[in-house]
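Asks: Numbering (the numbering used here), first residue to last: 123 to 371.
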Ligand SMILES: Nc1ncnc2c1ncn2[C@@H]1O[C@H](COP(=O)(O)OP(=O)(O)OP(=O)(O)O)[C@@H](O)[C@H]1O
Ligand SMILES: [Mg+2]
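Given below as structure tokens:
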């Protein structure tokens with residue numbers, strides 16, 4: 123049985139003349155939590171949009187579960203965009219219910235039950251009948267996560283899901299993410315925080331649309347040669363090595 127969730131074969135992408143993804147290849151196995159780290163503008167969001175099929179590579183191929191990704195056909199995929207894309211006039215419950223319908227939860231009874239479960243999971247019971255435009259930024263973020271996971275997809279893309287969350291809720295989210303991967307969900311998550319990175323089983327460091335390092339948090343930290351190196355130090359180590367190589371050439 124093929125154990126690959128995502129297979130990226132030598133893709134490049136540019137916005138006009140700006141090359142954003144540069145001959146990138148990556149295979150992501152099923153059932154792992156896979157983190158994308160990199161500075162602002164390094165291409166994390168673009169890469170996620172290429173993987174969900176919202177952008178097409180200029181060259182190379184992306185396969186999700188062996189098929190080219192088609193957004194309209196996304197029952198297998200959950201996608202939480204970096205900026206919440208919600209219906210501001212609708213309530214928390216109505217938004218999550220809307221996405222549940224789109225993702226094919228047809229049975230009304232089961233859908234209502236699942237929507238309530240998700241509201242509880244993102245800890246918004248007291249706001250369930252409040253419209254989105256009356257929520258705080260972090261609360262909108264939580265609704266957006268609820269919308270992405272409501273149909274329990276086997277492949278979940280979360281673009282900076284923990285931005286704006288308080289530490290308590292961030293820990294609660296990670297408990298949930300870990301339980302999802304334990305039941306076979308593949309989780310792809312972009313982040314700037316080393317706290318998120320430390321929770322991921324595998325990581326890539328991205329820089330200018332290229333992968334400069336790939337491995338588990340421990341492997342990346344060990345690559346610095348310092349036994350007590352942090353992930354932040356590991357990231358800087360790989361940036362420096364890449365710069366040294368560029369100077370040698
Ligand atoms: N719609 C667009 N049109 C033109 N250029 C874009 C567009 N979206 C992104 N870019 C450019 O592509 C590059 C990569 O952007 P991207 O959003 O993928 O980075 P990112 O790693 O997600 O950054 P951040 O950490 O800030 O979210 C940046 O130089 C950005 O300015
Ligand atoms: Mg981004």
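In this text, a Cβ means the ideal position worked out from N, Cα and C, and glycines have one as well.
All of these numbers come straight from a predicted model, not from anything done at the bench.
Quick one: what does DSSP say residue 164 is sitting in, helix, strand or coil?
Replies: Residue 164: coil per DSSP, three-state reduction.
Asks: In three-state DSSP terms, what is residue 322?
Replies: coil
Asks: Is residue 167 a contact residue of ligand 2, with contact defined as CB to any heavy atom under 6 Å?
Replies: yes
Asks: Could you compute how far the alpha carbon of residue 186 sits from the alpha carbon of residue 193?
Replies: So the two alpha carbons sit approximately 11 Å from each other.
Asks: Is it the case that the region 304-320 contacts the region 144-160, given that we only count it when at least three CB pairs across the two stretches are under 8 Å?
Replies: A contact exists between the region 144-160 and the region 304-320.
Asks: Does the beta-carbon of residue 204, which I'm using as the reference point, lie nearer than 6 Å to any heavy atom of ligand 2?
Replies: True, at least one ligand heavy atom lies under 6 Å from that Cβ.
Asks: How many Å lie between residue 234 and residue 227 at the Cα?
Replies: 9 Å
Asks: Quick one: give me the first and last residue of the beta strand (DSSP E) that residue 278 is part of.
Replies: 277-281
Asks: Our contact map puts residue 278 next to residue 257 with C-beta atoms below 8 Å; I'd like the distance itself, whole angstroms only.
Replies: Not quite, the Cβ-Cβ distance comes to about 22 Å (not below 8 Å), so this is no contact.
Asks: Let me check you understand the geometry: is the CB of residue 248 closer than 6 Å to at least one non-hydrogen atom of ligand 1?
Replies: no
Asks: Decide yes or no for the touch test of the region 317-328 against the region 286-300: beta carbon pairs closer than 8 Å, at least 3 of them.
Replies: yes
Asks: Cutting at 8 Å between CB atoms, please list the residues of its own chain near residue 267, excluding the five before and the five after it.
Replies: 202, 244, 280, 283, 295
Asks: On the criterion of 16 or more Cβ atoms from any shown chain inside 10 Å, does residue 217 qualify as buried, or is it exposed?
Replies: buried
Asks: Suppose you measure from the CA of residue 220 to the CA of residue 358; what does that come to, to the nearest Å?
Replies: 43 Å
Asks: So the candidates are 249, 129, 162, 139; which of them puts its Cα closest to the Cα of residue 327?
Replies: Comparing C-alpha distances from residue 327 to each of 249, 129, 162, 139 shows the shortest one belongs to 162.
Asks: Given the structure, does residue 313 come close to ligand 1, in the sense that its CB is under 6 Å from one of the ligand's heavy atoms?
Replies: no
Asks: Assuming contact is defined by CB atoms lying nearer than 7 Å, are residue 142 and residue 331 in contact in what I supplied?
Replies: yes
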